[in-house]
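The block underneath contains the structure these notes are about, expressed in structure tokens.
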Amino acid sequence: MNLDFSNDQKFLQEEARKFLEKENSINRNRGVLDSGHNTDTELWNKIVDLGWTGIRIPEEYGGLGLTHLELCVIAEELGRFLAPVPFSSSVYLFTEAIIKYASEEIKQDILPKLISGEVIGTLAVTEEFCAPTAANIKTEVSNNLISGKKIAVPDAGIATHSIVVTKSDAGISLQLINHSLDEVVVTHQENIDESRGHFSITLDNAPCALIGDTSNGWDLFESLMDQAAVLFSFEQLGGSQASLDMAVGYAKERYAFGRPIGSFQAIKHKLADMYIALTLAKSNCYYAAWALTSDSSDLPTAAATARVSSTKAYQFCSKENIQTHGGNGFTWEYDCHMFYRRSKLLSVNIGSLGKWKEKLVSSLEQSNKN
Amino acid sequence: MDFNDSPEQAEFRKTCRKWLEGNAELNSGASREDSFGSSKHLEAAKQWQKKKYAAGWAMLHWPKSYGGIEASPIERIIWSEEESKFNVPRGIYEIGLGMCGPVMMQYASEDQKSRFLPPMAEGKEIWCQLFSEPSAGSDVAGLRSKAVQDGDKWIVNGQKVWTSGAQFCDYGILVVRHDANLDKHKGMTFFFVDMKSPGIEVKPIKQITGGSSFNEVYFNDVVIPDSQRLGEIGDGWKVAITTLMNERLAVGDASGADVEDAFRWAKNQDDSGEPLINNKAARDSIADWYCEANGLKNTKLRTMSALSKGETPGPEASITKVVSANKLQNIGNFGIDSLDMAGMLKSEDPDIKNFQGSWLGAPGLRIAGGTDEILRNIIAERVLGLPQDQRADKGVAFKDIPTGNS
């Protein structure tokens, strides 16, 4: 019985923590938010230099060839320190899609560039102000040319490539596009967490390359979501822990009515509830990490369980962290709002709470039938 | 990460399993619940305990001299995992073995340990815990039962309450006030007592479930020899705290309706012409309960992982009772509500019984062994390190502490 990370993985996590702390990642996030740059490219380049973008890429393409577990511990730290970088878009989504579904030719081309930082990727799926489904995708591909418009694509401004969910007569397919082409126009869209920019991508007969086959795109997308959910969950976990730590620290130092506010039960119980939500999420994340790494058939259920728990934990911890800070928590100056914003970004990226609860119950029905 | 036993653990599990298969029947789905404390239940429990004792399974982590096999924490968990798969009587010995045993082990004399621990493990003598009082619940240290020293013995007067199994217990552990002039936490002393002593009167409490697993216990001039004192005079609180720490481990997870029951039920129950599982609100609740149930299960696995590596587990298990008792109440509620008006009716249907029983029993579980509120205080203070509440009862002689009317 060993539902825990190995000593090597814990060491890697410790190193990641030290690095992000030293780089003052939370302050960098504030800088990005204030400047409107949408990404801290300097921090991103350092992350690339550390090799984190190649953690999961097989050694034959120059990567580290490690497992998802190493990615999980890194994700937790990126979440804890609010790293304003396109890691989730480029690593959890784009890189994983290339590793899992792309042709050998594309892998040979793209994977080494993801490691060197020459390529940064994202995933473009949404088209309307509602959740994307196989039925409401209108972006069309024919003769290897895409036309249509995607919106709310995270990190597309810094990204060099996207995987686009498209439709054709054959069905839904995933297509790789290069942002540098004239037929691809990336436009910034204002959003509520500008430390990670969101963009529209307009495609006008843009040349593309097929990922997977012409009709199984939605299945590939769903399966990609299951594994990305585990990684997002770890990032959410880190953010939840940071929010709780902040609230605990403040409750010990802030005095009211002649005593630390943390001595009041109203505050204690709130913080205990944050700890409870976080602990449930953490344990479910650990199990999901195991399911992901061991290719368990339980992955869809385990991933949805981790995702629902972590989304709930981060939303709860980040909002109650503001509440614990009182009026200070509502100021731009305090860091609370940055966690609040990021909790929302991470919870709607790859689908919101209601969607994942539905996925969870559907997967229970599915596994119950078999 | 893996879910496999080490070779030694696998071997140990096999040994447990083999013995259990030879001596008990696997759970068949239908739970055996002879009503708690009935003579039939008691007899079955005693026989099972005796069998386990003879084979060394009764208190397997104890020293061999008291009937154990000196098992490691992880082996204890493996045993209880395996035992829980079998249909065996439960609920009689948890308090005695989980709370009274450890305190006797730590504080009793060698002679007393040799005299009392083996029959406790064997189940011949059943033990109970006498802490709570009518005016001392969450604030157990507010207890008022009085012990007056008289040479080499003590005379005890007062009343205890919420004592599980007092009606059939042979011995009990008891904390009482020996000096009301001292500070609240300093004026207490700890004993063990023969429950058949003259002057002890046990009155069952009828609970909201209709059952009576708890009692009031009255003490009228009960004589306890000083040799049955555990710890020094005035150390009562310290000894009691040791015991309560063990209780939190013993109470743990709630039994009763869980998410699997809610899920199975929702697939078959009608909801305006459709299966209830198609109802969005039902799906939303089931998702939440599934996350809670598995969060607890995986938390337990993390604790076990630490034990398995010989490490001290983190504080994560402290969330167990708060989460499971509330989940139990909500699932019971869901099951009853799904029957609409008919949810009021008693029925022989095992699911309906389970939902109603869980709903009626859950309020007790949210209180026993530390209320939801006390447990949140504990998480806040011991895990998160928040400062204690300011108190009106510190540094004041017990007799001068303000009290209400109840």
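In order, the protein sequence lines correspond to chains P and Y. Using the working numbering, you'd call the opening residue of the first sequence number 1 and step up by one each time. Using the working numbering, you'd call the opening residue of the second sequence number 1001 and step up by one each time. We put the beta carbon where it would ideally sit given N, CA and C, even for glycine.
**Message:** Please return the same chain residues whose Cβ sits closer than 7 Å to the Cβ of V1103 (chain Y), not counting the five positions on each side in sequence.
**Reply:** Counting from one through the second sequence, the residue named residue 1103 (chain Y) turns up at place 103. For V1103 (chain Y), where only same-chain residues beyond five positions count, the Cβ hits under 7 Å are I1173, L1230, V1239, T1242, T1243.
**Message:** Please report the straight-line C-alpha distance between A288 (chain P) and N349 (chain P), rounded to a whole angstrom.
**Reply:** For the purposes of this step, residue 288 (chain P) is identified with residue 288 of the first sequence, where counting begins at 1. For the purposes of this step, residue 349 (chain P) is identified with residue 349 of the first sequence, where counting begins at 1. Taking C-alpha positions only, A288 (chain P) is separated from N349 (chain P) by approximately 19 Å.
**CB contact check: D169 (chain P) to chain Y, cutoff 9 Å** = On the first sequence, position 169 is the one that residue 169 (chain P) refers to. No, D169 (chain P) does not count as interfacial toward chain Y.
**Message:** Taking the beta strand (DSSP E) that R1177 (chain Y) belongs to, which residues open and close that run?
**Reply:** The residue labelled residue 1177 (chain Y) in the question sits at position 177 within the second sequence. For R1177 (chain Y), the uninterrupted beta strand (DSSP E) run begins and ends at 1171-1177, by DSSP.
**Residue from Y:G1364, Y:E1216, Y:S1305 with nearest C-alpha to I1208 (chain Y)** = Numbered from 1 along the second sequence, position 208 holds the residue referred to as residue 1208 (chain Y). Selected option, being the one with the closest Cα: Y:G1364.
**Message:** Just to check my reading of the structure: A83 (chain P) and F234 (chain P) have Cβ atoms closer than 8 Å, yes? What is that Cβ distance to the nearest angstrom?
**Reply:** Reading the first sequence from its first residue, position 83 is the one you call residue 83 (chain P). Reading the first sequence from its first residue, position 234 is the one you call residue 234 (chain P). Between A83 (chain P) and F234 (chain P) the beta-carbon gap is near 13 Å, outside 8 Å, which marks them as no contact.
**Request:** Pull up the distance between the alpha-carbon of M274 (chain P) and that of I1378 (chain Y), whole angstroms please.
**Result:** Within the first sequence, numbered from 1, the residue matching residue 274 (chain P) stands at position 274. Within the second sequence, numbered from 1, the residue matching residue 1378 (chain Y) stands at position 378. Each residue's Cα considered, the two are about 14 Å apart.
**Asked** Taking only beta-carbon atoms, is H337 (chain P) less than 9 Å away from chain Y?
**Response** Locating residue 337 (chain P) in the first sequence gives position 337, counting from the first residue. No - not a single Cβ of chain Y is within 9 Å of the one on H337 (chain P).
**Prompt:** In chain P, what lies closer than 8 Å to G1310 (chain Y) by C-beta?
**Reply:** Translated into positions along the second sequence, residue 1310 (chain Y) becomes position 310. None at all; the shortest Cβ gap to chain P is about 12 Å.
**Prompt:** DSSP state of T139 (chain P), grouped into three classes?
**Reply:** For the purposes of this step, residue 139 (chain P) is taken as the residue at position 139 of the first sequence. It is coil, neither helix nor strand.
**Asked** With 16 as the cutoff for other CB atoms within 10 Å, does W52 (chain P) come out buried or exposed?
**Response** For the purposes of this step, residue 52 (chain P) is taken as residue 52 along the first sequence, with counting starting at 1. By the 10 Å Cβ count, W52 (chain P) comes out buried.
**Request:** Compile a chain-ordered list of the residues in the region 261-275 of chain P whose CB is closer than 8 Å to at least one CB of chain Y.
**Result:** G262, S263, F264, Q265, I267, K268, H269, L271, A272, D273, Y275
**Message:** How far does the alpha helix (DSSP H) with Y1290 (chain Y) in it extend, from its first residue to its last?
**Reply:** Reading the second sequence from its first residue, position 290 is the one you call residue 1290 (chain Y). Taken as a continuous stretch (DSSP letters only), the alpha helix (DSSP H) holding Y1290 (chain Y) covers 1280-1308.
**Asked** Relative to the alpha-carbon of H337 (chain P), which residue among P:R30, P:N2, P:G65 has its alpha-carbon at the smallest distance?
**Response** Position 337 of the first sequence, counted from the start, is the residue given in the question as residue 337 (chain P). For the residues P:R30, P:N2, P:G65, the minimum Cα distance to H337 (chain P) belongs to P:R30.
**Request:** To the nearest angstrom, report how far apart W332 (chain P) and I192 (chain P) are at their CA atoms.
**Result:** Reading the first sequence from its first residue, position 332 is the one you call residue 332 (chain P). Reading the first sequence from its first residue, position 192 is the one you call residue 192 (chain P). Taking the straight line from one Cα to the other gives about 13 Å.
**Asked** So what does DSSP say about V1161 (chain Y), is it helix, strand or coil?
**Response** Indexing the second sequence from 1 puts residue 1161 (chain Y) at position 161. Of the three classes helix, strand and coil, the one that applies to V1161 (chain Y) here is strand, per DSSP.
**Prompt:** Leaving out five residues before and five after Y1093 (chain Y) in sequence, what residues of the same chain have Cβ atoms less than 8 Å from its Cβ?
**Reply:** For the purposes of this step, residue 1093 (chain Y) is taken as the residue at position 93 of the second sequence. So the qualifying residues of the chain are A1045, Q1049, G1123, I1126.
**Request:** Just confirm the distance between the C-beta atoms of V1323 (chain Y) and L280 (chain P), as a whole number of angstroms; I'd bet it's less than 8 Å.
**Result:** Looking up residue 1323 (chain Y) in the second sequence gives position 323. Looking up residue 280 (chain P) in the first sequence gives position 280. Confirmed, about 7 Å.
**Item:** Continuous alpha helix (DSSP H) assignments of at least 4 residues falling wholly in the region 1315-1399 of chain Y
**Value:** 1320-1337, 1350-1365, 1372-1378
**Asked** So, are the CB atoms of G197 (chain P) and N38 (chain P) less than 9 Å apart?
**Response** Position 197 of the first sequence, counted from the first residue, corresponds to residue 197 (chain P). Position 38 of the first sequence, counted from the first residue, corresponds to residue 38 (chain P). The answer is yes: Cβ separation under 9 Å.
**Message:** Within a Cβ cutoff of 8 Å, which residues of the same chain sit near D1389 (chain Y), ignoring the five residues on either side of it in sequence?
**Reply:** As a position in the second sequence, residue 1389 (chain Y) is number 389, starting the count at 1. The beta carbon of D1389 (chain Y) sits closer than 8 Å to those of N1377, all from its chain and outside the five residues before and after it, given in chain order.
**Prompt:** Beta-carbon of R1017 (chain Y) versus every beta-carbon of chain P: anything under 9 Å?
**Reply:** Looking up residue 1017 (chain Y) in the second sequence gives position 17. It does not; no Cβ of chain P falls within 9 Å.
**Request:** Measure from the C-beta of V1176 (chain Y) to each C-beta in chain P and report whether the shortest distance is under 9 Å.
**Result:** Working through the second sequence from its first residue, we reach residue 1176 (chain Y) at position 176. Taking Cβ atoms only, chain P never reaches closer than 9 Å to V1176 (chain Y), which makes this a no.
**Message:** Please identify the residue among P:V308, P:P154, P:E320 whose C-alpha is closest to the C-alpha of L93 (chain P).
**Reply:** The residue given as residue 93 (chain P) occupies position 93 in the first sequence. The shortest Cα separation from L93 (chain P) among P:V308, P:P154, P:E320 belongs to P:P154.
**Prompt:** If we count the other Cβ atoms within 10 Å of its Cβ and call it buried at 16 or more, is A1342 (chain Y) buried or exposed?
**Reply:** Taking the first residue of the second sequence as position 1, residue 1342 (chain Y) is located at position 342. Under this definition A1342 (chain Y) is an exposed residue.
**Message:** In whole angstroms, give me the CA-to-CA distance for A291 (chain P) and L176 (chain P).
**Reply:** Counted from its first residue, the first sequence places residue 291 (chain P) at position 291. Counted from its first residue, the first sequence places residue 176 (chain P) at position 176. When rounded, the distance between both Cα atoms is 28 Å.
**Item:** Under 9 Å from the C-beta of R1144 (chain Y): neighbouring residues of chain P
**Value:** For the purposes of this step, residue 1144 (chain Y) is identified with residue 144 of the second sequence, where counting begins at 1. Correct list: empty, because the minimum Cβ distance to chain P is about 25 Å.
**Prompt:** Is the Cβ of R254 (chain P) closer than 9 Å to any Cβ of chain Y?
**Reply:** Within the first sequence, numbered from 1, the residue matching residue 254 (chain P) stands at position 254. Answer no: the Cβ-Cβ gap between R254 (chain P) and chain Y never drops below 9 Å.
**Item:** P376 (chain P) - partner residues in DSSP beta bridges
**Value:** The displayed coordinates of chain P run from 1 to 370. Any statement about residue 376 (chain P) would go beyond what the structure contains.
**chain P residues whose Cβ lies nearer than 7 Å to that of V1322 (chain Y)** = For the purposes of this step, residue 1322 (chain Y) is taken as the residue at position 322 of the second sequence. Chain P residues near V1322 (chain Y): I276.
**Contacts that T1371 (chain Y) makes with chain P (C-beta to C-beta distance below 9 Å)** = Locating residue 1371 (chain Y) in the second sequence gives position 371, where the first residue counts as 1. Going along chain P, no residue has its Cβ under 9 Å from T1371 (chain Y), so there is no contact; the nearest lies around 11 Å.
**Message:** For the region 1279-1306 of chain Y, list every residue whose C-beta sits within 7 Å of some C-beta in chain P, in sequence order.
**Reply:** R1283, D1284, I1286, A1287, Y1290, C1291, E1292, N1294, G1295, N1298, T1299, L1301, R1302, M1304, S1305
**Prompt:** Going by DSSP, which residues form a beta bridge with T202 (chain P)?
**Reply:** Position 202 of the first sequence, counting from 1, holds the residue named residue 202 (chain P). Beta-bridge pairing links T202 (chain P) to P:K149, P:V185.
**Item:** Within chain Y, the residues that V308 (chain P) reaches when beta carbons sit closer than 7 Å
**Value:** Position 308 of the first sequence holds residue 308 (chain P). Under the 7 Å cutoff, chain Y gives A1287, C1291.
**Prompt:** So P1402 (chain Y) is in the alpha helix (DSSP H); what residue range does that whole segment cover?
**Reply:** Here residue 1402 (chain Y) is taken as the residue at index 402 of the second sequence, counted from 1. First-last for P1402 (chain Y): undefined, no H or E at that position.
**Request:** Kindly say whether A1058 (chain Y), judged by its beta-carbon, lies nearer than 9 Å to any beta-carbon of chain P.
**Result:** Position 58 of the second sequence, counting from 1, holds the residue named residue 1058 (chain Y). It does not; no Cβ of chain P falls within 9 Å.
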